[in-house]
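A short write-up of the structure that comes next.
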Amino acid sequence: MFSHTSVLIDEVESVLSTISEPQYIIDATLGLAWHTAMMLTHVGESGRVLWFDRDADNLRDARVNLEEKWLSKKFIPIHASFDTMEDVLREQWIKEVDFILYDLGVSSAHYDDWVRGFSVRFDGPLDMRFDRMTWQTAEDLVMTLSERELIQIFMRYADEKKSLFIARAIVDVRKTQKIDTTFKLLEIIEKSSFDKKSWIRVFQALRIAVNDEFGHIERSIAQAMRCLKVGGKIAVITFHSLEDRLVKNIFSEYTQDVIDDFTGQTRIPAAFRKYTKKPIEPTALEVDNNPRSRSAKMRVLEKIHSIQN
Ligand SMILES: C[S@@+](CC[C@H](N)C(=O)[O-])C[C@H]1O[C@@H](n2cnc3c(N)ncnc32)[C@H](O)[C@@H]1O
């Protein structure tokens, strides 16, 4: 068993319980399969949970946490980004699904593995790829992007106020040496920003850039909205404010009626409604047991009409 437990699992289950006899569920971010283990108990005999993960190791390791649920065979594993969702459903002859969960970001397996380069806790290669079959690593970005491009990444993906100093220091250091490990990068950040919180922010920004995380989220949620059955629900768990803002903005496009400028009447009714007014957050007890859940927010929409153009 892996030590980590999933975030907001009871809350996800209570949303899922509002859907009677779900046939198809998508776990867009399998990770270590904690959410999936719960979701497998909700699909009927002929139902399936489709798993997506960009990381082949997580798809392999999910088996450990699933224990005997693995034998049920009620799942379809897909080693691909969740932005291939519509193609995958077409290949599987699945027309619509009942529930889709995204639990965004990094799994604890990523953070705990020094080789992956996600954590500031270990010295390791400056990698940060979710999918190690892709070619671009964090080292590639740090060694090749211009000062201006580095600043943009640190600002856009982490709101890092010391972006200018950090980017300048990176460009300076790389003239004489390779920045190819996490600790080499940390040293540069420390000396140029004098703020330990910049470590986490710069790592977050590089990770988002390496994996084009926001691009994948935007493309995938647009597909998820089309794939959902009327009456189905989509839930997205985010872990930082920029990610949450992105999801909030995407969701608001789907929850507003299109109004006719001329008559002021509703021309196209919103296809979705909010399941709760405010995002769902972990209880104090969950935060105590799992401090990583501290910044989690879950937004849920219910599909009430099919999407009209
Ligand atoms: C926070 S973890 C999910 C944890 C999981 N819910 C559990 O219960 O263990 C996020 C996972 O999403 C995966 N991931 C990130 N971006 C992805 C994408 N675009 N497509 C598919 N999986 C992705 C990561 O590899 C990681 O394993």
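Take 8 as the starting number for the sequence shown in the numbering used here and just add one per residue.
Just so you know, even glycine gets a beta-carbon here, dropped at the ideal spot from N, CA and C.
Ranked by Cα distance from residue 107, the first of 228, 65, 252 and 197 is 228.
Non-local C-beta neighbours of residue 51 in its own chain, meaning closer than 6 Å and more than five positions away in sequence, comprise 28, ordered along the chain. Comparing alpha carbon positions, the residue from 236, 257, 185 and 289 closest to residue 132 is 185. Every alpha helix (DSSP H) of 4 residues or more that sits fully in the region 125 to 151 is shown, in chain order, as 145 to 151. Inclusion of residue 66 and residue 42 in the CB contact set at 9 Å is not warranted, their separation being larger than that value. For the pair residue 287 and residue 304, the Cα-to-Cα distance works out to about 6 Å.
Residue 83 has its CB no nearer than 8 Å to any heavy atom of ligand 1. Residues close to ligand 1 by the beta carbon criterion (under 5 Å to any non-hydrogen atom) are, from first to last along the chain, 13, 36, 38, 39, 41, 42, 59, 60, 61, 62, 65, 88, 89, 110, 112, 114, 137 and 223. Between residue 167 and residue 212, the C-beta spacing is below 9 Å. Apart from sequence neighbours up to five positions away, the residues of its chain that approach residue 277 with a beta-carbon distance below 7 Å are 261, 262, 263 and 264, ordered along the chain. Going by beta carbons, residue 155 and residue 176 fall outside the 9 Å limit. Residue 19 places its beta carbon 9 Å or farther from that of residue 293. Contact between the region 146 to 154 and the region 119 to 134 is present, with at least three C-beta pairs closer than 8 Å. Ranking 284, 117, 163 and 84 by CA distance to the CA of residue 216 puts 163 first. Cα atoms of residue 241 and residue 270: separation of roughly 32 Å, rounded to the nearest angstrom. Residues 41, 42 and 45 of the same chain have their beta carbon placed closer than 7 Å to that of residue 16, with the five preceding and five following residues left out of the count. Just so you know, the alpha carbons of residue 203 and residue 169 end up roughly 11 Å apart. Between residue 116 and residue 68 a beta carbon distance of about 6 Å is seen, short of the 8 Å cut, so the two are scored as contacting. Where residue 245 is concerned, the enclosing beta strand (DSSP E) starts and stops at 235 to 245.
Scanning 307, 306 and 291 for the CA closest to the CA of residue 300 turns up 291. Cβ-Cβ separation between residue 111 and residue 237: approximately 25 Å, too far for a contact (criterion under 8 Å). DSSP places residue 273 inside the beta strand (DSSP E), whose first and last residues are 273 to 275.
For residue 58, no alpha helix (DSSP H) encloses it; the enclosing beta strand (DSSP E) starts and ends at 55 to 59.
DSSP places residue 250 outside any beta strand (DSSP E); the residue lies instead in the alpha helix (DSSP H), whose first and last residues are 248 to 261. The residue from 257, 196 and 195 with its alpha-carbon nearest to that of residue 222 is 257.
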